[in-house]
Amino acid sequence: MNLFLELQTALARLLIFPGLLFAVPAAWFFLWVERKAVARMQGRIGPPFMQPFFDFIKLLGKSTPPRIGIAGLLMRAWPLIAVSAAAGAVGLLPVLPASGGFQGDLILLLALLELPSMCIIAAGFSSGSIFGEIGSAREAVLSVSYNIVFLLAILSIAASQHTFSLQALAQLPSSPLRWLGIVAILVCLPAKLHLNPFSLPNAEQEIYSGPMTEYAGPELAMWELSHGLEWVAATGLVATLIAPAFTLWWVAALVFVALCFGLVLLLSVVAAATARMQIDTTVRFYWQCTLIFAVLAVASALFMRFRA
Amino acid sequence: MNLWNKLMCYSRRHSPWLFHMNGGSCNGCDIELIASLTPRYDAEQLGVRLEGSPRHADILCITGPVTHNAVNAIKTVYGQVLGPKAVVAIGSCPATTNVFIDSRTLDGPLNRHVPVDVFVPGCPPRPDAIIQGVAKAAEILAERAAKKLPVAPVVMPLVGPGCDGACSCAATTETKNEEVQA
Chain A
2 MNLFLELQTA LARLLIFPGL LFAVPAAWFF LWVERKAVAR MQGRIGPPFM
52 QPFFDFIKLL GKSTPPRIGI AGLLMRAWPL IAVSAAAGAV GLLPVLPASG
102 GFQGDLILLL ALLELPSMCI IAAGFSSGSI FGEIGSAREA VLSVSYNIVF
152 LLAILSIAAS QHTFSLQALA QLPSSPLRWL GIVAILVCLP AKLHLNPFSL
202 PNAEQEIYSG PMTEYAGPEL AMWELSHGLE WVAATGLVAT LIAPAFTLWW
252 VAALVFVALC FGLVLLLSVV AAATARMQID TTVRFYWQCT LIFAVLAVAS
302 ALFMRFRA
Chain B
4 MNLWNKLMCY SRRHSPWLFH MNGGSCNGCD IELIASLTPR YDAEQLGVRL
54 EGSPRHADIL CITGPVTHNA VNAIKTVYGQ VLGPKAVVAI GSCPATTNVF
104 IDSRTLDGPL NRHVPVDVFV PGCPPRPDAI IQGVAKAAEI LAERAAKKLP
154 VAPVVMPLVG PGCDGACSCA ATTETKNEEV QA
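Protein chains in written order, with this note's numbering: chain A, 2 to 309; chain B, 4 to 185.
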């Protein structure tokens, strides 16, 4: 009976909240907030509320060019893998108070968060387009640079709290060290979500749409959806780290959504206010400026742990 | 199923993504097309997005009188835009080759090479006329995809200088002329 109940809550988390039923509309909403915020910053009115939804439906109704052979099969597969990984990452977020069962694992969450950008790299190379290949190469270089900082920041939080369980991490009281880690994660988010000033892989003035250049119709719709889900997962991860623990589930859910919304707004405003950096400047920024703080955070976390 | 078709039709009308192509234009119309996306005109309110790749686009916007060099490129890009699609000829050049008529470097007008759905006349047309033309093209595209019927090309009314409204400009200027004559 207990096992059945656990299974039920696990399924409810994966499929309803914060899983698919919540994540897909939230993805569209965040994509709209991003476009609207950029438009308002530029003195425009911006797209209507339902715009990402209409774009998605329209793309589903478009035809795709014939894709032949293994490369064609892979080109169809990458967006689907990216969407399922991003949706899985959202489903793992420890938003609601614990109720036993699988507690969520930080390493699994990080792997699922990383999978969409792996898919983007592979997608650009398998599309055979020169713009796709340049975009993929840039994405690969970018992910090598920001991921070191991103992983070290998360590692410092995990090391200071002595656990890799998401549920435990979300519920422990916050320390100054955790805030250092959160700031480091926030610095990495624009690169992870391909936003200005680090929007190098999809720099539309230079390489059109980068890895997505050859994609069309339903495949492109899946890429848009996976991008939206990445928004939810990445801002959601920071939101769960910031939010204090609540016992009432609806308070926890409301605070989670509000924090995510605030983070999306912050990232969009930064994106609208900045211009794109060069790839070597970006790599230098992550390796020289940000890495020091991440290493400091990990070192102090380990030091504190040995002293305790 | 019927509800799905209605939703699809509505989405196609409200999400036109453009691909802009220069067929030997003097850049006048290209500047006006970009101006229609700027804060003053803000075509994104209609869901318009200027895309870098023809694979993503629904509406192909072509400017210029179609030079010999541009013909093959136009045909290739028209093939790369996936259906349902529409073509908007921006400016007087693609419609009639304008002042370059009888030039030996030209192979225009545009509708000799690709089927054109909307002509937006003007040299250059105003940004509001271009937005109106794109909205009309999105309507034609959705209708054609839903009913599988051929739709005759549309020539948009010439929007006069000093006109701010995007819609019934031609009608109001005509009535004004009549009033003046009376």
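Glycine is no exception: its CB is placed at the ideal position from the N, C-alpha and C atoms.
- Would you mind working out which of B:Arg129, B:Ala138, B:Met159 and B:Ala140 sits nearest alanine 38 (chain B), comparing C-alpha positions? Nearest C-alpha to alanine 38 (chain B): B:Arg129.
- Residue of A:Phe54, A:Ile243 and A:Arg139 minimising C-alpha distance to leucine 187 (chain A): Ranking A:Phe54, A:Ile243 and A:Arg139 by CA distance to the CA of leucine 187 (chain A) puts A:Ile243 first.
- Message: Which runs of the beta strand (DSSP E) at least 3 residues long sit entirely within the stretch 233 to 267 of chain A? Give them in chain order.
- Response: none
- Give the straight-line distance between the Cα atoms of valine 96 (chain A) and threonine 241 (chain A), rounded to the nearest whole angstrom. 6 angstroms
- At a CB-CB cut-off below 7 angstroms, which residues of chain B make contact with arginine 45 (chain A)? Neighbours of arginine 45 (chain A) on chain B, chain order: Pro42, Asp45 and Glu47.
- Query: Do leucine 153 (chain A) and valine 284 (chain A) have their C-beta atoms closer together than 8 angstroms?
  - Reply: Between leucine 153 (chain A) and valine 284 (chain A), the CB-CB gap reaches or exceeds 8 angstroms.
- Query: For valine 84 (chain B), does the count of other Cβ atoms within 10 angstroms reach 16, so buried, or fall short, so exposed?
  - Reply: By the neighbour-count definition (other C-beta atoms within 10 Å, threshold 16), valine 84 (chain B) is a buried residue.
- Query: Which whole runs of the alpha helix (DSSP H) in the stretch 101 to 170 of chain A are 4 residues long or more, in chain order?
  - Reply: Listed in chain order, they are 107 to 128 and 131 to 162.
- Message: What would DSSP say about phenylalanine 122 (chain B), mapped onto helix, strand or coil?
- Response: strand
- 4 or more residues per run - each alpha helix (DSSP H) lying fully within the stretch 93 to 119 of chain B: 95 to 99
- Task: May I ask you to report which of helix, strand or coil DSSP gives histidine 23 (chain B)?
- Result: strand
- Task: Give every residue of the same chain whose Cβ lies closer than 6 angstroms to the Cβ of proline 212 (chain A), excluding the five residues on either side of it in the sequence, and list them in chain order.
- Result: Correct list, in chain order: Ile121, Ala124, Gly125, Gly133, Gly136 and Ser137.
- Message: For leucine 221 (chain A), would you say it is in contact with chain B, using Cβ-to-Cβ distances shorter than 8 angstroms as the test?
- Response: yes
- Write down the C-beta distance between proline 68 (chain B) and cysteine 96 (chain B) rounded to the nearest angstrom, noting that I regard them as a contact closer than 8 angstroms. 4 angstroms
- Give me the Cα-Cα distance between valine 154 (chain B) and leucine 22 (chain A), rounded to the nearest whole angstrom. 40 angstroms
- Task: Examine the ligand FAD and report whether any of its heavy atoms sits within less than 7 angstroms of the Cβ of cysteine 29 (chain B).
- Result: Looking at this structure, you won't find the ligand FAD or any other ligand, since it has none at all.
- Item | DSSP three-state assignment for isoleucine 17 (chain A), whether helix, strand or coil | coil
- Task: Tell me, please, which residues DSSP counts as bridged to arginine 52 (chain B).
- Result: B:Trp20
- Message: Closest to serine 118 (chain A) by C-alpha separation, out of A:Leu93, A:Leu107 and A:Tyr147, would be which residue?
- Response: A:Tyr147
- Spatial distance of methionine 42 (chain A) from alanine 302 (chain A) (CA atoms): Each residue's alpha carbon lies about 39 angstroms from the other.
- Message: Taking the alpha-carbon of glycine 329 (chain A) as reference, which of A:Phe151, A:Glu140, A:Gly73 and A:Leu116 has the nearest alpha-carbon?
- Response: No statement about residue 329 (chain A) is possible, as the shown extent of chain A runs from 2 to 309 and does not include it.
- Query: Would you say the stretch 20 to 30 of chain B touches the stretch 217 to 237 of chain A, given that touching needs at least three Cβ pairs under 8 angstroms?
  - Reply: no
- Please check if any C-beta of chain B sits within less than 8 angstroms of the C-beta of phenylalanine 55 (chain A). yes
- State the CB to CB distance for the pair isoleucine 65 (chain B) and leucine 113 (chain B), rounded to an integer number of angstroms; the pair is presumed to be in contact (CB under 8 angstroms). 6 angstroms
- Item | Option nearest valine 80 (chain B) by Cα separation, candidates B:Val51, B:Val158, B:Glu142 and B:Leu21 | Nearest Cα to valine 80 (chain B) within the set B:Val51, B:Val158, B:Glu142 and B:Leu21: B:Leu21.
- DSSP on threonine 66 (chain B), reduced to helix/strand/coil? strand
- Message: List, in chain order, every chain A residue whose beta-carbon is nearer than 9 angstroms to that of methionine 159 (chain B).
- Response: For the C-beta of methionine 159 (chain B), not a single chain A residue is nearer than 9 angstroms; the gap to the nearest is close to 23 angstroms.
- Query: Taking buried to mean at least 16 other C-beta atoms within 10 Å of its own C-beta, is arginine 15 (chain B) buried or exposed?
  - Reply: buried
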